[in-house]
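S.K.:
In UniProt numbering, the protein residues as written are 1 to 118.
(1) In this structure, does DSSP put residue 111 in helix, strand or coil?
(2) Could you say which of 112, 60, 49 and 36 lies nearest to residue 89 if we only look at CA atoms?
(3) Is residue 81 buried or exposed, if buried means 16 or more other CB atoms sit within 10 Å of its CB?
(4) Is DSSP giving residue 74 helix, strand or coil here?
(5) My output table needs one value for residue 2: the three-state DSSP class, helix, strand or coil.
(6) Is residue 37 helix, strand or coil when you go by DSSP?
(7) Can you have a look at residue 71 and say buried or exposed, based on whether 16 or more other CB atoms are within 10 angstroms of its CB?
(8) How far does the alpha helix (DSSP H) with residue 65 in it extend, from its first residue to its last?
(9) Residues in the same chain with beta-carbon distance under 8 angstroms from residue 118, minus the five sequence neighbours each way, listed in chain order, please.
See the structure below:
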């Protein structure tokens with residue numbers, strides 16, 4: 001069975017019957033390999049209202065912009081309730097993980113929320 005990506009590796013502690021199964025999408029990308037403006041496509045992800053509210057409850061983010069539809073639509077700057085930026089970021093992390101299973105924590109120190117997500 002062939003492997004996928006540059007170097008699909010398996011921990012030595014993995015059961016033998018699993019070691020021959022290829023790792024899905026196991027590219028090894030490094031920061032220096034990416035030219036400025038490089039783009040990739042990931043899976044799509046739709047965030048439902050229920051998921052948004054569940055995330056707010058889990059992290060106790062009850063700011064009226066993300067948790068109060070009446071406030072957000074009548075007094076909010078954007079005219080409707082937002083999805084919490086932290087949730088959008090978290091969902092994005094999951095999408096990145098499907099593209100490069102050996103990578104994590106790219107650019108957290110540069111994270112900015114520049115536009116609202118509804």
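Note that CB positions come from ideal geometry on N, CA and C, so glycine has one too.
All values reported here derive from a predicted model rather than from experimental measurement.
M.R.: So, from the listed chains and residues:
(1) Working through the chain shown from its first residue, we reach residue 111 at position 111. Three-state result, residue 111: coil.
(2) As a working mapping, residue 89 is identified with position 89 in the chain shown. Answer by Cα proximity: 112.
(3) Residue mapping note: residue 81 aligns to position 81 of the chain shown, counting from 1. With 16 or more Cβ atoms within 10 Å of its Cβ, residue 81 is classed as buried.
(4) What you label residue 74 is simply residue 74 of the chain shown in a count that begins at 1. If DSSP states are grouped into helix, strand and coil, residue 74 belongs with the helices.
(5) The count along the chain shown starts at 1 and reaches residue 2 at position 2. Residue confidence is low: residue 2 scores 42 on pLDDT, short of 50, so the model does not pin down where it sits. No coordinate-derived value is stated.
(6) Counted from its first residue, the chain shown places residue 37 at position 37. Three-state DSSP puts residue 37 in coil, outside helix and strand.
(7) For the purposes of this step, residue 71 is taken as residue 71 along the chain shown, with counting starting at 1. Label assigned to residue 71: exposed.
(8) Residue 65 sits at position 65 when you count from the first residue of the chain shown. Segment 64-67, the alpha helix (DSSP H) holding residue 65.
(9) Position 118 of the chain shown, counted from the start, is the residue given in the question as residue 118. Counting only Cβ-Cβ distances below 8 angstroms, and skipping sequence neighbours, we find 78, 80, 81, 82 and 83.
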